[in-house]
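Just so you know, the sequence shown maps onto residues 84 to 247 in our numbering.
Backbone N, C-alpha and C define an ideal beta-carbon position, used for all residues, glycine too.
Values in this document were obtained by computation on a predicted structure and should not be read as measured data.
One structure is given here, and the rest of the page talks about it.
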Amino acid sequence: MAARIEHRAEFPHGVDEVFAAQTSEPALRARLAGIGGKSSALLDYTPTSDSVRFTLRQGVDADKLPSIVRTLHSGDLFVDRQENWTVATHAGTAMATVSGVPGEITVRTELSAEGGKTVLRANGEVKIRIPLVGGRLEEFVAGQITGLLEREAELSAQWLAHGR
């Protein structure tokens, strides 16, 4: 079974501007700096004329992990997230892995113009293959990802508000 991820954010800017706030290298670096986290980094950034691909790493200190996670994983936790965005459709896919945890996180994100605003929608799921506790971990991780997406949307809004 998998836990669902659903997130929605609105921006009072055009789709192209929001796309840049979601995918440009300076915006990604600023977002990582704003979120912080152990060993956070932009590991790869590859733009082309019709797409953008990048890989982010975000870390969580072991002492900030819930006890159920600490019983299954010793040490700090790292999430590597690879995103692929298409310029023409303003849509992206993300695949993430969590160090030492068997499973995956997948998310599809779309930007669309609606009523003079740009709406970002992200939908996905978390699958963790650990007998007995996988479902609880999936719910925990899905909640953490939703919170992360909310924080990233706030930072993107700040980025846009400062005209970058």
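Listed in chain order, the beta strand (DSSP E) elements of length 3 or more contained wholly in the segment 119-204 are 124-130, 134-143, 160-169, 174-181, 186-197.
With 16 or more other CB atoms across the displayed protein chains lying within 10 angstroms of its CB, Gly-207 is buried.
Scanning Ala-177, Thr-176, Gly-142, Phe-102 for the CA closest to the CA of Gly-183 turns up Gly-142. Nearest neighbour of Asp-146 by Cα position, chosen from Met-84, Leu-220, Gly-120, turns out to be Gly-120. Between Thr-229 and His-90, the CB-CB gap stays under 7 Å. Closest in alpha carbon position to Ala-171, among Thr-131, Ala-110, Val-181, Gly-198, is Thr-131.
If you ignore the 5 residues before and after Leu-115, its C-beta comes within less than 8 Å of the C-beta of Ser-123, Ala-124, Leu-125, Leu-139, Gln-141, all in its own chain and listed in chain order. Per DSSP, Ile-228 is not a residue of any beta strand (DSSP E); the alpha helix (DSSP H) it occupies stretches across 217-244. Taking C-beta atoms under 8 Å as the contact rule, Leu-243 and Val-98 fail to qualify, at a distance of about 12 Å. By the Cβ-count criterion, Gly-199 is exposed, with fewer than 16 other Cβ atoms from all chains shown falling within 10 Å of its own Cβ.
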